[in-house]
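Note that my numbering has the sequence shown beginning at 24, numbered continuously upward.
All remarks here apply to the structure that follows.
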Amino acid sequence: MVADQKHSSDPSEQEVIRYTKKLAQSLGLNEQNAEVYSALSSENRALKKRLEDYYFQHNILKRRVKRLERNVKSLETELENLDECVNRETVVDLIQEIVPSIINKKGKGSSEESDSVKTIVIRKNEAIPHKQ
24 MVADQKHSSD
34 PSEQEVIRYT
44 KKLAQSLGLN
54 EQNAEVYSAL
64 SSENRALKKR
74 LEDYYFQHNI
84 LKRRVKRLER
94 NVKSLETELE
104 NLDECVNRET
114 VVDLIQEIVP
124 SIINKKGKGS
134 SEESDSVKTI
144 VIRKNEAIPH
154 KQ
């Protein structure tokens with residue numbers, strides 16, 4: 024006698040299986056399980072999609088932060104180079120040399136202007152030459 028592959032050949036086991044199926048059907052458990060499974064599956068898919076979206080956004084932000092860190096580092100290096108090249112006293116000295124020559128050139132163009140231009144010695148935190 025060939026045993027059915029879906030069911031055990033033991034009669035008592037088959038009876039338990041049949042009883043369990045009838046009980047589940049009578050209680051509507053199959054239908055409830057299907058509804059719960061469907062609801063949980065769709066919720067799981069939605070959460071999975073949100074997680075993928077967050078992961079994608081995280082990677083984008085991570086790349087932006089790295090780029091900004093590189094930019095900041097580059098600007099800091101550039102600022103250090105500028106600080107090494109130019110100090111405040113040098114700038115003040117250059118202004119003191121340049122401003123009088125500009126005033127003299129402008130004064131040669133008009134004698135009225137040359138009379139009204141006042142040369143002011145520039146030092147730190149002092150005013151720049153101006154017309155009165």
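All residues carry an ideal CB built from backbone N, CA and C; glycine is no exception.
Please read all numbers here as calculations on a predicted model, not as lab measurements.
- Query: Would you report the Cα separation of S35 and L46, rounded to the nearest angstrom?
  - Reply: Distance between the alpha carbons of S35 and L46: 16 Å.
- Query: Do you know offhand how far K128's Cα is from D116's?
  - Reply: Near 19 Å, if we compare the C-alpha coordinates of D116 and K128.
- Task: List the endpoints of the continuous alpha helix (DSSP H) containing V109.
- Result: Unbroken run through V109: none, as it is neither H nor E.
- Rounded separation between E92 and R111 - CA only: In a straight line, the C-alpha of E92 is about 29 Å away from that of R111.
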